[in-house]
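Note that the protein sequences, when read in sequence, are chains A and B. According to the numbering used here, the first sequence is numbered sequentially starting from 47. According to the numbering used here, the second sequence is numbered sequentially starting from 41. Ideal Cβ placement from N, Cα and C applies to all residues, glycine included. This structure is a prediction, so every number in the text was calculated from the model and none was measured. Note sheet for the following structure.
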Amino acid sequence: MTAIDPTAHLTAEQIEELGRELDAIRDEVIADRGEKDAAYIRKVISVQRTLELASRGVLLFSIFPPAWLLGTAGLSVAKIMDNMEIGHNVLHGQWDWMRDPKIHSTTWEWDHVSPSEQWKHSHNELHHTYTNVIGKDNDLGYGIMRVDEDQKWHPFHLGQPLWNFINACFFEYGIAAYDLELGKNLHKRRRKDPEFRARAKAVGRKIRKQVLKDYVIHPLLSGPSFLTTLAATFTANVVRNLWSHSVIMCGHFPEGVQVFERRSIKGETRGQWYLRQMMGSANISGSKAMHFMTGNLSHQIEHHLFPDLPSNRYAEVAVKVRALFQKYELEYVTGPLPKQVFSAWHKVFRLSLPNKKPKVKTPDREQELVAA
Amino acid sequence: MTSTALRSRAWKLLEMVTTPLLPSDYLDLVRPLRTGADLRGRIEAVHPETRDAATVVIRPGRGWRGHTAGQYVRIGVDVDGVRLWRAYSLTSPANRQDGRVTITVKAIPDGKVSNHLVRRAKPGTLIQLDQATGDFVLPQAKPAKVLYLTAGSGITPVMGMLRDTELDDVVMVHCAPQPQDVIFRDELHGLVADKKLRLTEVHTDTDGMLDIARLDELVPDWTERETWACGPAGLLDAAEEHWTEQGIQERLHTERFRPGIVVAGDGGEVTFSATGKTVDADGATPLLDIGEEAGVLMPSGCRMGICFGCVTPLKAGAIRDLRTGEITEAEPGVLIQTCVSAAAGPCDIER
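Right, here's the structure in full:
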């Protein structure tokens with residue numbers, strides 16, 4: 047929550063007009079969606095699978111350092127592709143229109159310890175509906191960090207750069223815990239809730255399978271390369287976690303991104319919802335390869351406006367969206383990866399320390415933070 | 041340990057290796073037509089038959105269990121990136137040596153799949169297949185006298201029979217707008233020349249629609265014949281009536297291609313088939329709300345079309361996307377977002 051509202055210059059009519067213009071952009075892509083897009087996702091999936099197979103194959107000989115390096119690099123890229131350009135986007139229903147039961151949000155399972163079903167709820171439903179609304183969108187600080195000046199400071203926040211780093215290394219576990227709302231549910235009473243227990247069990251099953259595959263079966267198959275294969279898979283998982291954490295931090299944390307009060311979204315119109323997505327997200331600029339490796343989440347603003355459009359279309363949509371930002375005199379937060387990552391980390395460090403009270407005091411803020 | 045048990049253990053181990061995917065996901069990369077894979081086929085050739093019909097030669101996967109002449113097969117084809125399923129009669133004999141099968145498709149106006157197959161399908165393309173099915177087939181014991189009564193693309197299952205089973209006394213009455221619209225015309229005339237078939241062509245552009253009463257004149261002994269009829273609903277309705285009047289309806293076997301045609305309207309009666317509830321819906325209220333008001337437990341999420349938490353199978357009928365106005369008709373495998381879809385006519389939601 048910034049003291050100065052960067053959208054204050056817009057009238058209600060303008061905001062609704064903005065909404066209509068965005069709807070038109072969406073309709074254009076949908077009308078044009080077709081064979082080329084389908085061929086794109088099929089190609090990406092087959093390249094990912096081939097790369098993963100090949101890398102696992104090379105790692106069978108990872109006792110030889112060049113094989114270790116090659117296999118680890120390949121597996122890291124394959125895992126990033128699985129999570130970012132494929133998993134995240136398929137689970138958003140971006141490819142459901144193809145009616146291919148194998149590439150569908152209801153059947154897809156990804157290389158991640160959080161089961162797709164749970165992730166879809168916390169991500170697609172909670173995060174994407176209530177983007178950057180403090181107390182509603184738990185992606186803001188993942189429930190462990192202070193991300194806005196308005197939030198009350200607590201000595202616990204001194205350690206947040208460290209929590210954030212640990213979270214980055216083991217990000218997939220952090221997300222699984224987050225999808226389970228572990229912090230909230232570890233209270234004695236909630237722990238016994240059958241619904242929570244069922245979900246916790248599902249996560250346990252998924253973790254067991256993932257760990258068994260990465261740290262037992264594949265190393266065993268490698269025979270004399272047992273230890274080096276184990277180290278390689280561990281490295282690939284950490285690389286993937288660090289990468290996805292960085293990309294995701296860039297989506298909503300950099301300086302210039304707005305957060306919102308819970309009461310500000312009451313009775314929100316479509317135009318206002320769009321505007322909140324625009325002000326609550328940030329992009330990463332860079333090459334085609336960079337966009338691909340981020341799963342096109344480098345087009346976070348476009349993704350938040352149109353979460354169900356195929357990811358390969360965000361680049362072309364971005365040109366039109368950016369023109370709208372200009373037309374309505376809004377700030378399009380973007381920058382190269384290192385700059386955005388630095389900006390996000392800078393905020394994490396800055397807010398780990400107490401700050402002066404903000405200029406505008408919002409009366410019900412403290413209560414909301416307790417709920418968060 | 042038996043070999044089956046051993047194999048299932050090995051498979052389990054393989055599943056651990058490939059988790060969260062399945063071993064088949066990787067095998068599909070290299071051998072999509074192998075034994076044990078989901079049944080698919082590969083288009084090997086497309087031969088034009090008339091100006092708007094073509095025969096598609098398909099190499100089915102190893103799991104194909106064969107067919108009986110006269111049966112049809114459901115195929116799933118990706119048209120503009122969207123998988124659409126349609127049923128087509130098999131036109132190849134059941135014992136074709138090279139293991140391939142053929143379907144013969146007539147492009148119908150605005151038909152997405154038929155036009156794609158006739159005009160754009162390329163050899164090498166993979167399609168999805170179901171096993172052949174249907175009871176529009178000849179009996180085990182060959183009937184002495186047979187009449188095939190067909191119109192338009194209704195000739196396709198019958199062609200499968202003609203190519204498969206040689207009978208002693210076969211008469212065929214076939215309707216098409218003009219001579220050049222008769223699918224398989226050369227082959228039929230070849231059979232006539234070899235005295236294996238007696239054929240009457242009715243050219244409806246010049247002769248008008250076939251009046252079923254004319255059968256007495258075209259095939260004087262029609263009441264003695266076992267008859268297989270396939271064509272538009274009008275012809276089949278008339279035939280059924282005619283055969284019933286003679287009290288020989290058991291001699292008539294019919295095949296209808298399009299059992300129900302969806303007429304998209306505005307609102308309609310919505311059936312929640314799993315719960316057995318039926319309620320009226322207008323054309324503006326999301327089906328999610330309609331279901332919840334009717335007390336049906338509906339999956340839900342963001343309620344604005346972005347989270348895909350509410351997708352539910354549409355078993356019958358049509359719905360309208362409230363955002364784009366786009367109509368979606370029920371087909372196997374079609375899931376709809378109930379929070380942004382309204383009834384466009386009567387429909388059946390699997391909840």
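Item: Cβ of A:H138 less than 8 angstroms from any chain B Cβ?; Value: yes
Item: On a CA-only basis, which of B:G106, B:A50 and B:D320 is nearest B:I98? Give me that one, please.; Value: B:G106
Item: How about A:A84: is its C-beta nearer than 8 angstroms to some C-beta of chain B?; Value: yes
Item: Is any beta-carbon of chain A found at less than 8 angstroms from that of B:K52?; Value: no
Item: Compare the beta carbon distance of A:N358 and A:D83 with 8 angstroms and say whether it is the shorter of the two.; Value: yes
Item: So, is the C-beta of A:P265 closer than 8 angstroms to a C-beta in chain B?; Value: no
Item: Kindly indicate the opening and closing residues of the alpha helix (DSSP H) around B:H231.; Value: What sits at residue 231 of chain B in the sequence shown is Leu, not His. R225 to A233 is the extent of the alpha helix (DSSP H) around B:L231.
Item: Leaving aside the five residues before and after A:E98 along the sequence, list all residues of the same chain whose C-beta is less than 6 angstroms from its C-beta, in chain order.; Value: A124
Item: Would you grab the beta carbon distance between B:A314 and B:E390 for me? Rounded to a whole angstrom, and I think it's under 8 angstroms.; Value: 6 angstroms
Item: DSSP state of B:M338, grouped into three classes?; Value: coil
Item: Look up A:C296 in the DSSP assignment and say whether it is helix, strand or coil.; Value: helix
Item: If you draw a straight line from the C-alpha of A:L258 to the C-alpha of A:D146, how long is it?; Value: 30 angstroms
Item: Using the rule of at least 16 other Cβ atoms within 10 Å of the residue's Cβ for burial, across every protein chain shown, is A:A70 buried or exposed?; Value: exposed
Item: If we ignore side chains and look at the alpha-carbon of each, how far apart do B:T131 and B:Q111 end up?; Value: 9 angstroms
Item: The alpha helix (DSSP H) that contains A:Q346, what's its start and end?; Value: Q346 to L351
Item: Between A:H233 and A:S398, is the Cβ-Cβ spacing less than 8 angstroms?; Value: no
Item: What separation, rounded to the nearest whole angstrom, lies between the Cα atoms of A:H138 and B:S193?; Value: 42 angstroms
Item: Is DSSP giving B:P386 helix, strand or coil here?; Value: strand
Item: Near B:P133, which residues of its chain fall below 6 angstroms by C-beta distance, leaving aside the five closest residues on each side in sequence?; Value: R203 and D204
Item: Is any heavy atom in the ligand GDP found nearer than 7 angstroms to the beta carbon of A:E63?; Value: Annotation note on the ligand GDP: not contained in the displayed structure, which lists no ligands.
Item: Assess, as a yes-or-no matter, whether the stretch 300 to 318 of chain A is touched by the stretch 228 to 245 of chain A under the definition of 3 or more beta carbon pairs within less than 8 angstroms.; Value: no
Item: Quick one: give me the first and last residue of the beta strand (DSSP E) that B:S129 is part of.; Value: V122 to S129
Item: Terminal residues of the continuous beta strand (DSSP E) containing B:V435?; Value: Chain B is shown from 41 up to 391; residue 435 of chain B falls before or after that span and cannot be answered.
Item: Quick one: is B:V57 near chain A, going by C-beta distance under 8 angstroms?; Value: yes
Item: For my contact list, B:A38 and B:R114 are in at a C-beta cut-off of 8 angstroms; report their separation, rounded to the angstrom.; Value: Missing from the structure shown is residue 38 of chain B; chain B here goes from 41 to 391 and no further.
Item: List, in order along the chain, the chain B residues whose C-beta lies closer than 9 angstroms to that of A:S310?; Value: The contacting residues do not exist; A:S310 stays about 17 angstroms from chain B at best.
Item: Do you know how far the Cα of A:T152 is from the Cα of B:T59?; Value: 17 angstroms
Item: Given a threshold of 16 other Cβ atoms within 10 Å of its Cβ, counted over all protein chains shown, does A:D225 qualify as buried or as exposed?; Value: buried
Item: DSSP puts B:Y112 in a beta bridge; with which residues?; Value: B:S129 and B:T173
Item: Roughly how many angstroms separate the alpha carbons of B:T294 and B:E89, rounded to a whole number?; Value: 24 angstroms
Item: Hey, does B:C387 have any beta-carbon neighbour from chain A nearer than 8 angstroms?; Value: no
Item: Give the residues of chain B in contact with A:R145, contact being defined as C-beta atoms less than 7 angstroms apart.; Value: V122, R123, G373 and V374
Item: Run the CB neighbour count on B:Q180, radius 10 Å, all protein chains shown included, and call it buried at 16 or more, exposed below.; Value: exposed
Item: Taking Cβ positions, are B:S154 and B:V145 nearer each other than 8 angstroms?; Value: yes
Item: Check for me: the beta strand (DSSP E) holding B:K317 runs from which residue to which?; Value: K317 to A321
Item: Of the choices A:R102, A:L106, A:H174 and A:G120, whose alpha-carbon is the least far from that of A:F352?; Value: A:H174
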